[in-house]
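Let me begin by presenting the structure, written as structure tokens, before commenting on it.
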Amino acid sequence: MTMILGVPIAVLLGQLLLGLINGAFYALLSLGLAVIFGLLKIINFAHGALYMLGALCTVVMFDAFGVNYWVSLFLAPLVVGAFGVLIEYFLLRRIAHEDHIYSLLLTFGVALLIQGVLTNIYGVSGLRYSMPEVFQGGVNLGFMFMPYYRGWVILMALLVCFGTWFVIEKTKLGSYLRAGTEDSQLMQGFGINVPLLVSLTYGFGVALAAFAGVLAAPIYSVTPVMGSHILIVVFAVVVIGGMGSIAGAVITGLLMGVIEGFTKVFWPEFSSAVIFLVMVVVLLIRPSGLFGKEA
Numbered sequence: 125m126t127m128i129l130g131v132p133i134a135v136l137l138g139q140l141l142l143g144l145i146n147g148a149f150y151a152l153l154s155l156g157l158a159v160i161f162g163l164l165k166i167i168n169f170a171h172g173a174l175y176m177l178g179a180l181c182t183v184v185m186f187d188a189f190g191v192n193y194w195v196s197l198f199l200a201p202l203v204v205g206a207f208g209v210l211i212e213y214f215l216l217r218r219i220a221h222e223d224h225i226y227s228l229l230l231t232f233g234v235a236l237l238i239q240g241v242l243t244n245i246y247g248v249s250g251l252r253y254s255m256p257e258v259f260q261g262g263v264n265l266g267f268m269f270m271p272y273y274r275g276w277v278i279l280m281a282l283l284v285c286f287g288t289w290f291v292i293e294k295t296k297l298g299s300y301l302r303a304g305t306e307d308s309q310l311m312q313g314f315g316i317n318v319p320l321l322v323s324l325t326y327g328f329g330v331a332l333a334a335f336a337g338v339l340a341a342p343i344y345s346v347t348p349v350m351g352s353h354i355l356i357v358v359f360a361v362v363v364i365g366g367m368g369s370i371a372g373a374v375i376t377g378l379l380m381g382v383i384e385g386f387t388k389v390f391w392p393e394f395s396s397a398v399i400f401l402v403m404v405v406v407l408l409i410r411p412s413g414l415f416g417k418e419a
């Protein structure tokens, strides 16, 4: 068997694939954070709780109304995104001109409130969501058996990430979004409803988190605290890529998933901390992040 640094190549390839799967979630969640901060300058600490809401909505809609996975894939992000619009309209808009720390504290409080209420209702034991029948089974890649659903997660995450980047960076709608957040008075002079644009942008970033939650529901146990477990890692990914950088969030998310996967092979006990070590090194060398713009 071919070995690299004393490790069978099949093991390395398996960890590469698992790293891409984890990286797909990091990229999708980081993308939502990057959209919200990059366009609105809001540090959204409620992102993990809204990711959890996407997964929980998927489970509850199926149990209560029989809504299947394919409908939930579109309906849950819409519901959670609408909830995000309400958060922006009734809460964040009141502190829009304050320092960034106020948005961080407010959204942190919202996250604790959501998590506390749902923990009281559902507990912390976790809810299960059945895998869609079309994704039952998997394919033998020679070095590992990959479930079809894991491949679906990678594909959908990449498509959504690329589509979001393209809309924001390459279309007229994206130019309106960027211009509306940089010079709101000028855009209002051209008849653009900037407050509505801001609300919808925040709702879209939240919907991206909820979409990741829907993808996660068949894989992970759905609990009210599932978002808090991943939020700090995702924030580290965003900082490494560059706060507000759309491309940086996606590329760094995938890259950190792969690095974390390989670390589990060569230094397992350090795998949970490697992303934070990378963050420290990047900030020392390039404080704006790998893809961020220098101030």
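Take the sequence shown: its letters are residues 125 to 419, numbered as in this note's numbering.
In this text, a Cβ means the ideal position worked out from N, Cα and C, and glycines have one as well.
So which of the options has the shortest CA-CA distance to residue i?
i      : options                        : result
Leu236 : Cys181, His221, His224, Leu177 : Leu177
Trp391 : Thr126, Ala134, Gln139, Met127 : Gln139
Leu153 : Leu141, Ile166, Leu174, Gly261 : Leu174
Phe269 : Asn317, Val135, Leu407         : Val135
Gln260 : Leu251, Val131, Arg252, Tyr273 : Tyr273
Gln239 : Phe189, Ile225, Pro201, Ala170 : Ala170
Gly315 : Thr325, Leu378, Leu407, Tyr300 : Tyr300
Val277 : Leu197, Tyr213, Phe214         : Leu197
His224 : Val382, Leu164, Val362, Gly298 : Leu164
Val374 : Leu414, Ala331, Ile167, Val406 : Leu414
Ile356 : Gly172, Met127, Thr126         : Gly172
Ala303 : Val284, Leu265, Thr325, Val191 : Thr325
Tyr246 : Val183, Pro256, Phe207         : Val183
Arg252 : Pro348, Leu282, Phe335         : Pro348
Ile354 : Met367, Gly366, Ala340, Gly365 : Ala340
Val346 : Leu283, Ala333, Val248, Gly366 : Val248
Phe186 : Ile399, Leu401, Val338         : Val338
Glu384 : Leu242, Tyr150, Met127, Thr126 : Tyr150
Leu320 : Phe290, Gly208, Ile167         : Gly208
Ser412 : Phe286, Gly372, Leu378, Lys296 : Gly372
Leu379 : Glu293, Leu282, Gly287         : Leu282
Thr243 : Tyr226, Ser352, Arg410         : Ser352
Asn168 : Met127, Gly190, Gly250, Ala220 : Ala220
DSSP three-state label for residue i, please.
i      : result
Phe269 : strand
Asn244 : helix
Asn146 : helix
Val382 : helix
Val338 : helix
Val349 : coil
Leu215 : coil
Gly368 : coil
Val131 : strand
Val357 : helix
Leu414 : coil
Gly315 : coil
Val191 : coil
Gly329 : helix
Gly250 : coil
Gly233 : helix
Gly262 : strand
Trp391 : coil
Ile343 : coil
Met403 : helix
Met255 : coil
His221 : coil
Ile409 : helix
So, for residue i: in the same chain, excluding its five sequence neighbours on each side, which residues have a beta-carbon less than 8 Å away from its beta-carbon?
i      : result
Tyr344 : Ala179, Met350
Phe386 : Leu136, Gln139, Leu140, Gly143
Taking 8 Å as the cut-off, decide whether the C-beta atoms of residue i and residue j are in contact.
i      : j      : result
Val203 : Gly329 : no
Leu210 : Leu230 : no
Val318 : Glu212 : no
Gly381 : Gly156 : no
Ala334 : Pro201 : yes
Ser369 : Gly162 : yes
Met403 : Pro342 : no
Gly298 : Met367 : no
Ser227 : Ile166 : yes
Below 6 Å CB to CB, which residues in the same chain sit around residue i once its five sequence neighbours on both sides are set aside?
i      : result
Gly262 : Phe269, Met270, Pro271, Tyr272
Gly205 : Gly327, Val330, Ala331
Thr376 : Val361, Ile364, Gly365
Identify, in the order they occur along the chain, each residue of the same chain with its Cβ nearer than 7 Å to the Cβ of residue i, setting aside the five sequence neighbours on each side.
i      : result
Lys420 : Here the chain has residues from 125 to 419 only, and residue 420 is not among them.
Tyr193 : Pro256
Notebook entry, point to check: Within the chosen definition, does the region 359-366 reach the region 247-259 through at least 3 CB pairs nearer than 8 Å?
Noted result: no
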